[in-house]
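Undergrad:
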Amino acid sequence: GPVFRRDQRLSQDVQIYVEQLGDECAANVAVSSDNRDDQLPRTCVLAFLSRLDPADQQHKRLMEELVMQLLKKDSNISKSKVRYHSNSLQHRVKNRVWQTLLLLLPKLREEFVATLLNHVFEAGFQSNQASVKYLIEWTMVLILLKYPQHVDRFWTCFNLDHEQTKTSVCTFLSVLVHFSVILPHVKDKTVQLRKALDVILQSCFSHNFSVRLYSLLALKKVWSLAERLQEEEEVDAFTGMSSVVKACLNQAEAMQNTGNANKNWMRIQSHFFFGAFHPVRDYSVETIFYTFPSLSEVSDDEWIPPWKFEKLSSFSESPSFPLRNPAPDLGQLQPGDWVQQDRSEQDKEERWAEVQKKITPWRLGIQDQEPELQLVPPQRAARLGKQNGALLVVASLIDKPTNLGGLCRTCEIFGASCLVLDSLHHINDKHFQSLSVSSELWLPLLEVKPVELIDFLQVKKSEGYCIVGVEQTANSRSLQDYQFPERSLLLLGNEREGIPANLLQLLDVCVEIPQQGVIRSLNVHVSAALLIWEYTRQHLTSGSSKVS
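Heads up: the sequence shown is residues 1 to 548, going by the UniProt record's numbering.
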């Protein structure tokens, strides 16, 4: 649909909320809505697709060509973007592709489904966001349910060596979690259960935590089917592996004090896709276009509520494809912790005590800073309410742009009064800029050549500056014991040679950083950052400004 401005979208949200109230709201009865719903084009097209008749040759050709184009679109996105962010354009397009495929699936003839099955399996090996994975897995379950003669093609997916997509096997293990839906329709249940257990047990030995976890869940579900089959048909095909399987499941259930492993085991079992969701019972417009997106953290502007389809007279509802879910269980759930297998090894706490915060240490916000860029750095700092100390950092002996860029950023953040470089041309170097992140715009810079340093230091001494060298000497002071004078000049040595002997004689004090390791020296930027912070701690943080 069209892309609306923010003010238009706000108006839309209000109108949608009022429309959701139905006839209980007087406005819906008295006034006709002129809401320019950006989801209307999608709902109209989906309503059109719902009316296609597979018995009509033209309709059949249209559906089959559309399905192939959608699969091609999905494949092209996967090839161009191996990984993509949640709710990005690629994510939204792929999600819509598989929603549409699920809508059309019951109308497709068996011969055509047989030709596209390999495309569906190939999509399962791609790296996808959680919502797309659920739709692909659901599609596989429904295909194998309707056409169980293709189940042997499904087992071949576990034999392929996809080294670069190790966790994609979790997609196929997720299908096996719903094997209870497929099993009643296969011919030789014992043989198919044995194949399922074989591939699951192999995955139980994977070095990847996600694969092992999905394997245990699939093993729990499939083994319950095997035990039931043994009781009903009195077969002993699974007796040999009984002790091994039960030992694995007992070990999984006994994880009471094993930290993250126990948490993830409980989360994946309670996840909606493996618990409340049933692939056949919950097959509806509501689940595909509203419930699934809301439970898999898709942006809410992608959720299409059922009432939007109800408003369209062109939408065709059928017993095999209802508009709403017959049971409310799935719609009452909330998004769980377990969203995607790629994140399973992370410890995601249920309650977050701390969140990352980018502090804003000046009076003005970002939107107010643009005019200040026209001023010289001291004027910018004054206008922005930034507090600077009297620390002067001299880096004329440093020649690596990366060190200078990082040093510039450190000086600006901790409020140094000026940074001295051997050449101002450094600020145009891309390596400098990659580390400075525009801090040179807010920090006064001065150019002093190395040959001019003696005169420069003598002038600063006469102005009352204490010349502090960052160097290990026989009489150097420890950083933890040294009290910086307010007017301090910090002289940094060269990356390799340190501070030359002729400049050492001009220093008022040498400060060294206590060390515990074997390596005798720190990177010059790291050393400077420690001293700059110590100066800041002693002088600037005693006031009202807060350094975090």
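Ideal placement from N, C-alpha and C gives every residue a C-beta, glycine not left out. Computed from a prediction, not measured in an experiment: that's the story for all the values here.
1) Between I304, A529, S478, which has its C-alpha nearest Q515's C-alpha?
2) Using only alpha-carbon positions, find the residue among E64, K133, C157 that is nearest to F112.
3) Taking 8 Å as the threshold, find out whether the region 427 to 439 comes into contact with the region 462 to 472 through three or more Cβ pairs.
4) So L117 is in the alpha helix (DSSP H); what residue range does that whole segment cover?
5) Would you mind listing the beta strand (DSSP E) stretches within the UniProt domain "tRNA/rRNA methyltransferase SpoU type" (391 to 532) that are 3+ residues and don't spill past its ends, in chain order?
6) Return the first residue and the last residue of the alpha helix (DSSP H) that S75 is part of.
7) Applying the criterion that 16 or more other CB atoms from any shown protein chain within 10 Å of the CB defines a buried residue, is E447 buried or exposed?
8) Check whether the region 220 to 238 and the region 170 to 185 are in contact - that is, three or more C-beta pairs closer than 8 Å.
9) Run through DSSP, which three-state label would F209 get?
10) My output table needs one value for F277: the three-state DSSP class, helix, strand or coil.
11) Which term fits N95, buried or exposed, when burial requires 16 or more other beta carbons within 10 angstroms of its beta carbon?
12) Name, in chain order, the residues that DSSP records as bridge partners for F321.
13) Roughly how many whole angstroms lie between the Cα atoms of T115 and S75?
14) Hey, Y214 and S174 are a contact pair by Cβ (cut 8 Å); roughly how many whole angstroms apart?
15) Beta-carbon separation of L312 and A47 under 7 Å?
16) With a floor of 4 residues, list each alpha helix (DSSP H) that falls wholly inside the region 139 to 180, ordered by position along the chain.
17) Less than 8 Å between C-beta atoms, sequence neighbours within five positions excluded: which residues of the same chain meet that for T139?
18) For Q90, I'd like the list of residues in its chain whose CB is within less than 6 Å of its CB, leaving aside the five on either flank, ordered along the chain.
19) Does the separation of the CB atoms of A130 and S296 fall below 7 Å?
20) Identify, in the order they occur along the chain, each residue of the same chain with its Cβ nearer than 6 Å to the Cβ of T291, setting aside the five sequence neighbours on each side.
21) Taking all protein chains shown into account, do 16 or more other C-beta atoms lie within 10 angstroms of the C-beta of I398, making it buried, or fewer, making it exposed?
22) Can you tell which of E24, S488, I519 has its C-alpha closest to the C-alpha of I532?
23) Which one of L504, V509, A501 has the shortest CA to CA distance from Q483?
24) Let me know if Y17 comes out buried or exposed under the rule of 16 or more other beta-carbons within 10 Å of its beta-carbon.
25) State the start and end residues of the unbroken alpha helix (DSSP H) segment that holds F238.
26) Determine the contact status of L392 and S423, defining contact as a CB-CB distance below 7 Å.
27) Given a cut-off of 7 Å, decide if L445 and L419 are closer than it, judged by their beta-carbon atoms.
28) Give the single residue among G498, A226, L506 whose Cα lies nearest to the Cα of E512.
29) Just to confirm, is the Cβ distance from L333 to F273 under 7 Å?
30) Tell me the rounded alpha-carbon separation between W155 and D53.
31) DSSP three-state label for E231, please.
32) Rounded to the nearest angstrom, what separates F432 and H426 at their Cα positions?
33) Taking the beta carbon of V285 as the centre, do at least 16 other beta carbons fall within 10 Å, making it buried, or is it exposed?
34) From N87 to Y134, what does the alpha carbon distance come to, in whole angstroms?
35) Quick one: what does DSSP say R51 is sitting in, helix, strand or coil?
TA: Walking through what the data contain:
1) Translated into the one-based positions of the sequence shown, residue 515 becomes position 515. Nearest option by C-alpha distance: S478.
2) The count along the sequence shown starts at 1 and reaches residue 112 at position 112. Among E64, K133, C157, the Cα nearest to that of F112 belongs to E64.
3) no
4) Residue 117 sits at position 117 when you count from the first residue of the sequence shown. L117 -> alpha helix (DSSP H) spans 110 to 124.
5) 392 to 394, 418 to 421, 445 to 447, 466 to 470, 488 to 491, 509 to 512
6) For the purposes of this step, residue 75 is taken as the residue at position 75 of the sequence shown. First-last of the alpha helix (DSSP H) with S75: 57 to 80.
7) Within the sequence shown, residue 447 is the residue found at index 447, counting from 1. The residue in question, E447, is exposed, as its Cβ has fewer than 16 Cβ neighbours within 10 Å.
8) yes
9) Along the sequence shown, read from residue 1 onward, the residue named residue 209 stands at position 209. In this structure, F209 counts as helix in the three-state DSSP scheme.
10) Stepping through the sequence shown from its first residue, residue 277 is reached at position 277. Residue state, collapsed to three classes: coil.
11) Start at 1 with the first residue of the sequence shown, and residue 95 comes out as number 95. By the 10 Å Cβ count, N95 comes out buried.
12) Translated into positions along the sequence shown, residue 321 becomes position 321. DSSP output for F321 lists S318 as bridge partner(s).
13) For the purposes of this step, residue 115 is taken as the residue at position 115 of the sequence shown. For the purposes of this step, residue 75 is taken as the residue at position 75 of the sequence shown. Looking at the two C-alpha atoms, the distance is approximately 16 Å.
14) As a working note, residue 214 is residue 214 in the sequence shown. As a working note, residue 174 is residue 174 in the sequence shown. The pair is a contact, with the Cβ atoms about 7 Å apart (cut-off 8 Å).
15) Locating residue 312 in the sequence shown gives position 312, where the first residue counts as 1. Locating residue 47 in the sequence shown gives position 47, where the first residue counts as 1. Cβ atoms of L312 and A47: closer than 7 Å.
16) 151 to 155, 169 to 177
17) The residue labelled residue 139 in the question sits at position 139 within the sequence shown. The residues are W98, L101, L102, L105, V120.
18) Mapped onto the sequence shown, residue 90 falls at position 90. So the list reads I77, K81, Y84, once near-sequence residues are dropped.
19) The residue labelled residue 130 in the question sits at position 130 within the sequence shown. The residue labelled residue 296 in the question sits at position 296 within the sequence shown. Yes, these two residues count as a Cβ contact at 7 Å.
20) Translated into the one-based positions of the sequence shown, residue 291 becomes position 291. Excluding sequence neighbours, T291 sits near L330, G331.
21) Walking along the sequence shown from the start, residue 398 turns up at place 398. Its Cβ being crowded by 16 or more others within 10 Å, I398 is buried.
22) Position 532 of the sequence shown, counted from the first residue, corresponds to residue 532. Looking at the Cα atoms, S488 is the closest of the given residues.
23) If you number the sequence shown from 1, residue 483 lands on position 483. Selected option, being the one with the closest Cα: V509.
24) What you label residue 17 is simply residue 17 of the sequence shown in a count that begins at 1. It counts as exposed.
25) To locate residue 238, count along the sequence shown from 1; it is residue 238. Neither: F238 is in no alpha helix (DSSP H) and is coded neither H nor E.
26) Indexing the sequence shown from 1 puts residue 392 at position 392. Indexing the sequence shown from 1 puts residue 423 at position 423. Result no, Cβ atoms of L392 and S423 do not sit closer than 7 Å.
27) In the sequence shown, counting from the first residue as 1, residue 419 sits at position 419. In the sequence shown, counting from the first residue as 1, residue 445 sits at position 445. It is a contact, given that the beta carbons lie within the stated cut-off.
28) Numbered from its first residue, the sequence shown carries residue 512 at position 512. Of the listed residues, the one whose Cα sits closest to E512 is G498.
29) Position 333 of the sequence shown, counting from 1, holds the residue named residue 333. Position 273 of the sequence shown, counting from 1, holds the residue named residue 273. The answer is no: Cβ separation not under 7 Å.
30) Position 155 of the sequence shown, counting from 1, holds the residue named residue 155. Position 53 of the sequence shown, counting from 1, holds the residue named residue 53. Rounded to the nearest angstrom, the two C-alpha atoms are 33 Å apart.
31) As a working mapping, residue 231 is identified with position 231 in the sequence shown. Residue state, collapsed to three classes: helix.
32) To locate residue 432, count along the sequence shown from 1; it is residue 432. To locate residue 426, count along the sequence shown from 1; it is residue 426. C-alpha separation (whole angstroms): 7 Å.
33) Your numbering for residue 285 matches position 285 in the sequence shown. By the 10 Å Cβ count, V285 comes out buried.
34) As a working note, residue 87 is residue 87 in the sequence shown. As a working note, residue 134 is residue 134 in the sequence shown. Answer to the nearest angstrom: the Cα atoms are 15 Å apart.
35) Stepping through the sequence shown from its first residue, residue 51 is reached at position 51. Here R51 sits in coil by DSSP.
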